[in-house]
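Undergrad: Per the working numbering, the sequence shown starts with residue 289, numbered consecutively.
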Amino acid sequence: MPWTLPAVVVLIIAAFRGGGTSLADVALHESVRRALMPASAHSLTMSDIPPAPPAEPRAEPPEPPAKAPELPAKAPEPPAKSPELDEAGWRKRMAAARAALEQDQVLADAMQSHVNSLTNDSLNRDDPAQRAELLKQRDRALDELERLTKQIEKDKLAITAVEDDARKKGIPPGWIRDGGLGDWVTG
289 MPWTLPAVVV
299 LIIAAFRGGG
309 TSLADVALHE
319 SVRRALMPAS
329 AHSLTMSDIP
339 PAPPAEPRAE
349 PPEPPAKAPE
359 LPAKAPEPPA
369 KSPELDEAGW
379 RKRMAAARAA
389 LEQDQVLADA
399 MQSHVNSLTN
409 DSLNRDDPAQ
419 RAELLKQRDR
429 ALDELERLTK
439 QIEKDKLAIT
449 AVEDDARKKG
459 IPPGWIRDGG
469 LGDWVTG
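1) Using only the heavy atoms of the ligand MG, determine whether one of them is closer than 7 Å to the beta carbon of V320.
2) Under a Cβ-count criterion, where at least 16 other Cβ atoms within 10 Å of its own Cβ denotes burial, should D336 be classed as buried or exposed?
3) Who are the Cβ neighbours of H402 in its own chain at under 7 Å, not counting the five residues just before and after it?
4) With a threshold of 8 Å, are at least 3 pairs of Cβ atoms found where one atom belongs to the stretch 427–443 and the other to the stretch 379–394?
5) Is it buried or exposed, L445, if we count other Cβ atoms within 10 angstroms and call 16 or more buried?
6) How many Å lie between R250 and E432 at the Cα?
7) Output yes if chain C places a C-beta closer than 8 Å to the C-beta of L316; else output no.
8) Below 8 Å on the Cβ atoms is my guess for V450 versus M399; work out the distance and round it to an integer in Å.
9) Thinking C-beta only, is E375 closer than 8 Å to W463?
10) Quick one: Cα of K369 to Cα of S405, how far?
11) With a threshold of 16 other CB atoms inside 10 Å of the CB of A417, please say whether the residue is buried or exposed.
12) Using the Cβ count rule (16 or more neighbours within 10 Å means buried), how would you classify I301?
13) Could you check what DSSP says for S319 in three-state terms: helix, strand or coil?
14) Around the Cβ of D443, are there at least 16 other Cβ atoms within 10 angstroms (buried) or fewer (exposed)?
15) Can you tell me whether L486 is buried or exposed? The criterion is at least 16 other CB atoms within 10 Å of its CB, across all chains shown.
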């Protein structure tokens, strides 16, 4: 392999000649550097590190005087914040509103699927009695779907109400966000 030494020299000259800043140039520089470096003879492990010296014992604090001087009375502590006023409370409140909306949307989707199935079954029945029963079931399912649609609207209004309440009280917007990357990436 007599050509390897000239090839390495050409690579080194080419790598350092341009002073390029592209990622390809940086990769080339690194590959040349790694090719020219000798293989490591030893790798360090935790057993190679000496143990830390023992800590010196602390000096004991001086003993307090026999009678402590009178301190002025403490100012009364403010009342504890209600859970609704702290970050966890706001996050919990918003999460509950979003969970209710999501659950109602899932139920509405399932009910819509059920209505579609009953409609299809009723159209494919020849027996008028069975068809009438399927149509009654479909009507009940449509009533339930309408109720769920109204509930979804109420859930959306509840989320808007929490957001408005938080805005009026000066709550940071991050307290009522999902907390996932979805808000970060999209908004």
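Note that the Cβ used here is the ideal one computed from N, Cα and C, for glycine as well. Keep in mind it's a predicted model, so treat the numbers as computed, not measured.
TA: On the basis of the coordinates in this document:
1) Here there are no bound small molecules, and the ligand MG is not part of this structure.
2) Taking the sequence shown and counting its residues from 1, the one referred to as residue 336 is at position 48. With fewer than 16 other Cβ atoms within 10 Å, it is exposed.
3) Mapped onto the sequence shown, residue 402 falls at position 114. Taken in chain order, the residues that qualify are A429.
4) yes
5) Position 157 of the sequence shown, counted from the first residue, corresponds to residue 445. Result: exposed.
6) Residue 250 falls outside the range modelled here, since the chain spans only 289 to 475, and no answer is possible.
7) Looking for chain C here will not work: only one protein chain is present.
8) On the sequence shown, residue 450 is found 162 positions in, with the first residue counted as 1. On the sequence shown, residue 399 is found 111 positions in, with the first residue counted as 1. Their Cβ separation, rounded to whole angstroms, is 26 Å, which puts V450 and M399 out of contact at 8 Å.
9) Stepping through the sequence shown from its first residue, residue 463 is reached at position 175. Stepping through the sequence shown from its first residue, residue 375 is reached at position 87. Yes, the Cβ-Cβ distance between W463 and E375 is below 8 Å.
10) Here residue 369 refers to the residue found at position 81 when the sequence shown is read from its first residue. Here residue 405 refers to the residue found at position 117 when the sequence shown is read from its first residue. At K369, the pLDDT of 48 sits below 50, so the modelled position is not reliable and the matter cannot be decided from this model.
11) Residue 417 sits at position 129 when you count from the first residue of the sequence shown. Exposed is the call here.
12) Sequence index remark: in the sequence shown, residue 301 carries index 13 (1-based). A residue is called buried once 16 or more other Cβ atoms fall within 10 Å of its Cβ, and I301, having fewer, is exposed.
13) As a position in the sequence shown, residue 319 is number 31, starting the count at 1. Three-state result, S319: helix.
14) Sequence index remark: in the sequence shown, residue 443 carries index 155 (1-based). So D443 ends up on the buried side.
15) In the structure displayed, the chain extends from 289 to 475; residue 486 sits before or after that span and is not available.
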